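A.B. asks: Numbering (our numbering), first residue to last: 5 to 239. Beta carbons are placed, not taken as given, at the ideal position from N, Cα and C, and that holds for glycine. Note that this is a predicted model, so its numbers are computed, not measured.
(1) For residue 131 and residue 62, I'd like the C-alpha separation in whole angstroms.
(2) Thinking C-beta only, is residue 157 closer than 7 Å to residue 2?
(3) Please report the residue range of the alpha helix (DSSP H) in which residue 132 lies.
(4) Suppose the cutoff is 6 Å on Cβ atoms and the five residues either side in sequence are ignored; what does the same chain contact list for residue 49 look like?
(5) Using the Cα positions of residue 139 and residue 112, report the straight-line distance between them to the nearest angstrom.
(6) Quick one: what's residue 171 bridged to in DSSP?
(7) Are residue 182 and residue 223 closer than 7 Å when you measure CB to CB?
(8) Check whether the Cβ atoms of residue 205 and residue 186 sit closer than 7 Å, and answer yes or no.
(9) So, helix, strand or coil for residue 184, using DSSP?
(10) For residue 226, which residues of its own chain have a beta-carbon under 7 Å away from its beta-carbon, when the five flanking residues on both sides are left out?
(11) Under the assumption that residue 203 contacts residue 144 (Cβ atoms under 8 Å), give the Cβ distance between them as a whole number of angstroms.
(12) Within the continuous beta strand (DSSP E) that includes residue 221, where are the two ends?
(13) Residue range of the alpha helix (DSSP H) that residue 104 falls in?
(14) I need the boundaries of the beta strand (DSSP E) containing residue 206, first residue and last residue.
(15) To the nearest angstrom, report how far apart residue 10 and residue 18 are at their CA atoms.
What follows is the structure, given as structure tokens:
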């Protein structure tokens with residue numbers, strides 16, 4: 005029975021890797037081809053233009069496209085590192101309330117309104133670096149898709165710590181919620197916005213390491229998306 009369960013787990017893992025590779029191929033072909041085409045056009049335009057101001061404008065566009073490509077490659081590498089089997093996780097007691105305050109301070113200069121509510125002793129056993137990445141990705145996702153306001157809550161209840169982030173944006177339709185936590189998948193309402201559909205996939209992978217549950221829903225108070233992660237408390 006143990007061998008059978010392990011075999012099934014490995015088969016599921018292989019299938020997931022195959023699906024991830026297919027998504028990776030589609031994402032790279034789409035997200036890299038566009039800036040590459042603009043780069044080619046920009047270089048040709050610089051060569052043909054005699055107007056110094058026009059050439060400077062084309063240079064700025066080229067730099068912007070290079071930055072976009074660099075960001076995509078870094079995101080892909082970040083996700084690939086999370087999939088490495090040789091990652092050594094070192095779990096320690098972590099104060100999620102401290103992380104929440106750090107993240108709020110980091111985004112304080114953002115032109116959006118961010119509120120934070122912390123209740124109870126919000127400590128869990130986890131890997132500090134990756135937990136901070138998880139929380140920051142959820143907040144960044146909310147800031148990118150909100151209209152003006154983001155509410156962050158960190159609550160201890162019934163032996164668990166719940167980290168949730170709500171926004172007043174368009175939200176995520178119920179039929180898309182199971183898909184947007186997969187790598188390179190973006191909701192239809194995000195069309196026209198920057199991003200590669202990796203933020204929530206990274207959140208899901210880190211949550212799995214910590215035996216935490218990610219739930220995507222709708223904010224009752226703000227009307228947009230509400231993304232929560234539920235952890236077991238530290239003793």
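C.D. replies: Checking against the coordinates, here is how it stands:
(1) About 44 Å.
(2) For residue 2 there is no data in the structure shown, the boundaries of the chain being 5 and 239.
(3) Annotation for residue 132: the continuous alpha helix (DSSP H) segment containing it runs 132 to 149.
(4) Cβ neighbours of residue 49 beyond the five flanking positions: 62.
(5) The straight-line gap from Cα to Cα measures roughly 16 Å.
(6) Beta-bridge analysis with DSSP links residue 171 to 154.
(7) No Cβ-Cβ contact shorter than 7 Å links residue 182 with residue 223.
(8) Contact: yes.
(9) Three-state DSSP puts residue 184 in coil, outside helix and strand.
(10) 153, 155, 170, 171 and 172.
(11) Right, their Cβ atoms sit about 6 Å apart.
(12) First-last of the beta strand (DSSP E) with residue 221: 217 to 222.
(13) It spans 100 to 110 - the alpha helix (DSSP H) in which residue 104 sits, taken as one unbroken run.
(14) Taken as a continuous stretch (DSSP letters only), residue 206 belongs to no beta strand (DSSP E), being part of the alpha helix (DSSP H) at 203 to 213.
(15) Straight-line measurement puts the Cα of residue 18 at about 12 Å from the Cα of residue 10.
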